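**Q** Residue numbers (the working numbering): -3 to 390. Backbone N, C-alpha and C fix where the C-beta goes; we use that ideal spot for every residue, glycine too. On a predicted model such as this, the values are computed, not experimentally measured, just so you know.
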Amino acid sequence: MRAEEATPTAPLPVPVSSAAAPYLLRVAGGEATGPLAGGIRTGLRVLSWLYLGATTTSALAHRAGLLRRERAPCPVIGIGNVTVGGTGKSTVTAAIARWLRDAGYQPAILSRGYGARGTPAVRVVSDGQRLLLGPEEGGDEPVMLARHLADTPVLIGRRRPVTARAAVEQFGADVCLLDDGFQVWNLEKDLDIVLLDSARPFDNGFVLPRGMLREPATSLRRAHAVVLMEPDRADPEALAALRQRLDTLAPAAMLAEAHRVPSRLWDLATGDELPLESLQGVGVVALSAIGNPEGFEALLGSLGARVHPARLRDHHPYSPAVLRSAGELAARVGAAAIVTTDKDAVKLGQYQGSAAVTTPLPLWVLSIRLQFTAGEDSLRERVLAAVAARMPPR
-3 MRAEEATPTA PLPVPVSSAA APYLLRVAGG EATGPLAGGI RTGLRVLSWL YLGATTTSAL
57 AHRAGLLRRE RAPCPVIGIG NVTVGGTGKS TVTAAIARWL RDAGYQPAIL SRGYGARGTP
117 AVRVVSDGQR LLLGPEEGGD EPVMLARHLA DTPVLIGRRR PVTARAAVEQ FGADVCLLDD
177 GFQVWNLEKD LDIVLLDSAR PFDNGFVLPR GMLREPATSL RRAHAVVLME PDRADPEALA
237 ALRQRLDTLA PAAMLAEAHR VPSRLWDLAT GDELPLESLQ GVGVVALSAI GNPEGFEALL
297 GSLGARVHPA RLRDHHPYSP AVLRSAGELA ARVGAAAIVT TDKDAVKLGQ YQGSAAVTTP
357 LPLWVLSIRL QFTAGEDSLR ERVLAAVAAR MPPR
């Protein structure tokens, strides 16, 4: 990727992190040295032990039956990861939903609804025919999935057993897909699919907050399938070592590999599609509030764009002020357009054309799709076999 500058010349109204966050990341990564950094690392390690103890206790309690673990009236497939951050869960979830539709099933997607306002037990983002909620009420990722999968119900709620029953009873779902479902313990799953970032599969090896792991790497023994994402961005020797390590960590899991690739470029104001070649040699502000902004920026760079990053924290809401600041950044660096992601576009659309927004530059959206490079047929077969074991196709 050709990035003209690592960060905006002036921060957006709500920057990706506070001034302390980059230092803390260097501390956690072992890059910062000195007594202060060492003391912080020790404190973070203690907190990680406490976090690990709490999550392990919860998992054991569910396994032992001390905490309730429900079985849905239909097959359940979890798609998740072991680290914090964007690995492509929504993209893989959408691909699996299409496989199931093609096989004659009616899947429903269940999400926790990060970024959504309010706390009802169940909210219906889409009934499989109409989009019923916007990003503020439904969350950015569920709304994005609902737009891409117009024939698939999308529900949100903190208690997945409750949303699973609602999907079956209200919409006739015969398969439930848990977006970000690997750490869901209160609902039995028929298949667990785990995504790993090929370049940094386990971050620094520590669980939160000393590292980015939600669970230790050994938790992969629960996985039925592992998808290595963006293997082309990993060191070849490290990738080979990871594949070998997975034989031990996840002996029962099949292995697949996939990339997120650009699929189309379109104008948010008009909906008009532009050739991907439009980005060649063009300076753009890459505006995003996602878990892996580097991946988005790398895709733009792969298309020949000169990229100026403008990052907000994951799921952060947008405002006219943010758009104005992005436009001001574009003017300072000589960018010809602002480019954002599908996930961000669901939040930005409400401001496009508003009198409060003074961005003379076009606002483009780069859509992506999943492209498997290994294991696609085997993964599809594993998914369909797990579902058919409980619910034969109609």
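#1: Quick check for students: name the residue ranges of the beta strand (DSSP E) that lie wholly in the region 136 to 220, counting only runs of 3 or more.
#2: Decide if D56 is buried, meaning its Cβ has at least 16 other Cβ atoms within 10 Å, or exposed.
#3: Is it true that the CB of P71 sits closer than 7 Å to the CB of V171?
#4: Taking the C-alpha atoms as reference points, what is the distance between Y110 and G153?
#5: Would you list, in sequence order, the uninterrupted beta strand (DSSP E) runs of no fewer than 3 residues that lie entirely inside the region 35 to 105?
#6: Do you know offhand how far S298's Cα is from R97's?
#7: Enumerate in chain order the residues of its own chain whose CB-to-CB distance from T93 is below 7 Å, with the five nearest sequence positions on each side excluded.
#8: Thinking L187 and N77 are a contact (beta carbons under 8 Å), I'd like their distance in whole angstroms, please.
#9: Can you check which of these residues, T89, V158, S54 and H312, is closest to V223 by C-alpha distance?
#10: Tell me where the beta strand (DSSP E) around L366 begins and ends.
#11: For Q240, which residues in the same chain have their Cβ closer than 8 Å to its Cβ, ignoring the five residues on either side in sequence?
#12: Work out the CA separation of A28 and T214 for me, nearest whole Å.
#13: For the beta strand (DSSP E) holding D338, just list the boundary residues, first then last.
#14: Return the chain-ordered list of same chain residues with a C-beta closer than 6 Å to the C-beta of L380, the five sequence neighbours on each side being excluded.
#15: Use the C-beta contact count for V12: other C-beta atoms within 10 angstroms, 16 or more gives buried, fewer gives exposed.
#16: Could you pull the start and end residues of the alpha helix (DSSP H) that P116 belongs to?
#17: In or out: E137 buried (at least 16 other Cβ within 10 Å) or exposed?
#18: Using the beta-carbon count (16 or more within 10 Å), is R67 buried or exposed?
#19: With DSSP run on the structure shown, which of helix, strand or coil describes G30?
#20: Only counting the same chain, and skipping five residues up and downstream in sequence, which positions put a Cβ closer than 6 Å to that of T159?
#21: Please report how far the alpha carbon of R376 lies from the alpha carbon of E269, in whole angstroms.
#22: In the DSSP assignment, the beta strand (DSSP E) including L407 goes from what residue to what residue?
#23: Please name the residue, chosen from S315, E324 and L209, that lies closest to P131 on a Cα-to-Cα basis.
#24: Would you mind sorting R206 into buried or exposed? The rule is 16 or more other CB atoms within 10 Å of its CB.
#25: In angstroms, rounded to a whole number, what distance separates the CA positions of F167 and A234?
#26: Candidates E253, K185 and A384: which alpha carbon is nearest R229's?
#27: Please go through the same chain and pick out, in chain order, the residues whose beta-carbon is closer than 7 Å to the beta-carbon of R218, but skip the five residues on each side of it.
#28: Are the beta-carbon atoms of L129 and R156 separated by less than 7 Å?
#29: Can you say whether W360 is buried or exposed, counting buried as having 16 or more other CB atoms within 10 angstroms of its CB?
#30: Evaluate the contact criterion for the region 358 to 373 versus the region 256 to 269: three or more CB pairs, one atom per stretch, below 8 Å.
#31: Rounding to the nearest angstrom, what Cα-Cα distance links D340 and P388 in this structure?
#32: Roughly how far, in whole angstroms, is the beta-carbon of V303 from the beta-carbon of V280, given that I think they are within contact range, below 8 Å?
#33: Looking at S44 and V203, is the spacing between their C-beta atoms short of 7 Å?
#34: Measuring alpha carbon to alpha carbon, tell me which of R378, V329, T38 and D123 ends up nearest V278.
#35: Less than 7 Å between C-beta atoms, sequence neighbours within five positions excluded: which residues of the same chain meet that for V353?
#36: Just tell me which of L296, R22 and I75 has its CA closest to the CA of R108.
**A** For this structure:
#1: 149 to 152, 171 to 175 and 187 to 193
#2: It is Leu, not Asp, that sits at residue 56 in the sequence shown. When all chains shown are included, L56 counts as exposed.
#3: yes
#4: 10 Å
#5: 72 to 77
#6: 32 Å
#7: The sequence shown places Ala at residue 93, not Thr. P103, I105, L145, T148 and L173, listed in sequence order.
#8: In fact, because the Cβ distance is near 15 Å, the residues do not count as touching under 8 Å.
#9: T89
#10: L359 to A370
#11: none
#12: 28 Å
#13: Segment D338 to L344 is the alpha helix (DSSP H) holding D338; no beta strand (DSSP E) there.
#14: A99
#15: With a pLDDT of 38 at V12, under the threshold of 50, the modelled position of that residue is not reliable, and no figure is offered here.
#16: Counting along the chain, P116 falls outside any alpha helix (DSSP H), and DSSP gives it neither H nor E.
#17: buried
#18: exposed
#19: coil
#20: L106, V118, L151 and G153
#21: 31 Å
#22: For the chain, the structure presents residues -3 to 390; residue 407 sits outside this window and is missing.
#23: S315
#24: buried
#25: 45 Å
#26: E253
#27: D188
#28: no
#29: buried
#30: yes
#31: 37 Å
#32: 6 Å
#33: yes
#34: V329
#35: With a pLDDT of only 48 at V353, under 50, the local geometry of the prediction cannot be trusted, and the value read off the model is given with reservation. Counting only Cβ-Cβ distances below 7 Å, and skipping sequence neighbours, we find P316, L319, R320 and Y347.
#36: I75
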